[in-house]
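Heads up, the sequence shown is in UniProt numbering, so the first residue is 1 and it goes up one at a time.
By construction, the Cβ of each residue, glycine as well, lies at the ideal position given by its N, Cα and C atoms.
Predicted, not measured: the structure shown is a model, and the values here were computed from it.
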Amino acid sequence: MKDSGNSFHARHLKRALDYVMNPEKTQRGRLVGAINCQADMAFEQMIDTKKQFGKTDKRQGYHIILSFKEDEVEPDRAFEITQKFVAEYLGDAYEVVFVVHDNTDHVHSHIVFNSVSFVDGKKYRYEKGDWAKYIQPITNKLCQEYGLSIIDVEDGSKEKQH
1 MKDSGNSFHA RHLKRALDYV MNPEKTQRGR LVGAINCQAD MAFEQMIDTK
51 KQFGKTDKRQ GYHIILSFKE DEVEPDRAFE ITQKFVAEYL GDAYEVVFVV
101 HDNTDHVHSH IVFNSVSFVD GKKYRYEKGD WAKYIQPITN KLCQEYGLSI
151 IDVEDGSKEK QH
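Structure below.
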């Protein structure tokens, strides 16, 4: 998970969304998806959710980056995997924009989501150890399904499993 420090305020949320949805990195927007919001209106919808629950202060969003081994996955497959990850990890509780960038040597996904649940107004909490406990098992399961490299949760090393 990319951690932008303790100051992920509204302007940082807007910048993150603008950056990840850059048409030059997402095949002119073809590799942009959203759950529980519209990608082109995500920032406004996220801010509206915060206002509705009176939670416009402190951290405004989170940014997860999923990287795939170089030349191991095509952008469309990475998009499918990312969409499944978002559905399983964040479910129906948060407004989420997810994209695939294919403008570098390795395909990677960006996931930017609201810090406030539009369902109950609770703030997302990420604590030390959550990556290994919750996130990595989901990514490993999905990568195994698609025959891709996974990371050993115990020691963080990459290994190949099919």
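If you draw a straight line from the Cα of F53 to the Cα of G121, it is about 5 Å long. Around the Cβ of V119, a 10 Å sphere holds fewer than 16 other Cβ atoms; the residue is exposed. Listed as beta-bridge partners of L66 by DSSP are S109. Excluding its 5 nearest sequence neighbours in each direction, A10 has C-beta neighbours in its own chain below 6 Å: Q60, listed in chain order. S115 sits buried, since 16 or more C-beta atoms from the chains shown fall within 10 Å of its C-beta. V32 carries a strand assignment under DSSP once its states are collapsed to helix, strand and coil.
K123 has V116 as its beta-bridge partners, per DSSP. The beta carbon of F79 sits closer than 6 Å to those of L31, V100, all from its chain and outside the five residues before and after it, given in chain order. Of the residues assessed, E95 falls on the buried side of the cut-off, its CB having 16 or more other CB atoms within 10 angstroms.
Residue range 10-20 is occupied by the alpha helix (DSSP H) that includes H12. Within a 10 Å sphere around the beta-carbon of T104 sit fewer than 16 other beta-carbons, which makes this residue exposed.
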